[in-house]
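For the sequence shown, position 2 matches number 2 in my numbering, and the numbering has no gaps at all. Here a beta-carbon is modelled for each residue, glycine too, at the ideal position from N, C-alpha and C. First the structure, in the form of structure tokens, and then the observations on it.
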Amino acid sequence: IEKENHQLQPERIAEASLSLEYPLVVKVGKSRLSIGTKEEFLYRRLAIQATRKRMQAGVSYAKSGKGRTRKLKALEKMSQLERNYVHNRLHVYSRKLIDFCINNKAGTLILLDQEEKMELAKEEEFVLRNWSYYELMTKIKYKADKAGIELIIA
């Protein structure tokens, strides 16, 4: 990973937390930023899932011939659409977080109360299925390392 060179102050601390209402909430001193909304992320993802479910029901009426692959092509495209949408949103959220830290010259980023959030997500099947906490944390780790920001998961 090629590291970027930023004028960061290690003593300046950014506190970020992952939640259900806002995917990311970050605070540096008095500056505060909410990144994304529950509606934005979940609404689109649930719409894609509903479309995929309708397609699964309609596939039996699709033109047959030339095999299973041809019949399921649209369905496969739809599952890739959901995956790509989630990856894109998580990249956008993590990039906004790291940019906010860089703009405020925060050299340390603390992710707060993650074990508690993970336990809550495991209890609720809907949350676990539709909220990609681990993937978001992975993207944040990667981008923080690249920017030279120390990441602490508390």
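Assuming residue i is part of the alpha helix (DSSP H), what are its boundary residues?
i	result
V86	73-103
K53	38-58
L136	133-147
Just to confirm the assignment, what range does the beta strand (DSSP E) spanning residue i have?
i	result
L109	106-111
L24	24-28
Q9	9-17
L151	150-153
S31	31-35
List the whole-angstrom C-beta distance separating residue i from residue j, where the pair is believed to meet the contact cut-off of C-beta under 8 Å.
i	j	result
I48	Y85	6 Å
V28	C101	7 Å
A57	K71	Contact doesn't hold; Cβ gap of about 13 Å is too wide.
E150	P10	7 Å
In whole angstroms, what is the alpha-carbon distance linking residue i and residue j?
i	j	result
L97	I140	8 Å
V147	E4	Strictly speaking, residue 147 in this sequence is Ala, with Val absent from that position. Spanning the two alpha carbons is a distance of roughly 5 Å.
L8	N103	9 Å
L75	E116	36 Å
S31	K77	41 Å
K105	D145	15 Å
L136	S19	12 Å
E124	I35	23 Å
E40	E2	32 Å
T69	V59	11 Å
M55	R83	17 Å
T37	L46	14 Å
Less than 8 Å between the C-beta atoms of residue i and residue j, yes or no?
i	j	result
S94	K143	yes
R44	S79	no
I152	Q114	no
Does the distance between the C-beta of residue i and the nearest non-hydrogen atom of the ligand GDP fall short of 7 Å?
i	result
L109	Among the components of this structure there are no ligands whatsoever, and the ligand GDP is therefore not found.
Review point. Three or more C-beta pairs closer than 8 Å, one from the region 5-20 and one from the region 101-112: is that the case here?
Key: yes
Check your understanding: Are the region 78-97 and the region 130-146 touching, with three or more C-beta to C-beta distances below 8 Å?
Key -> yes
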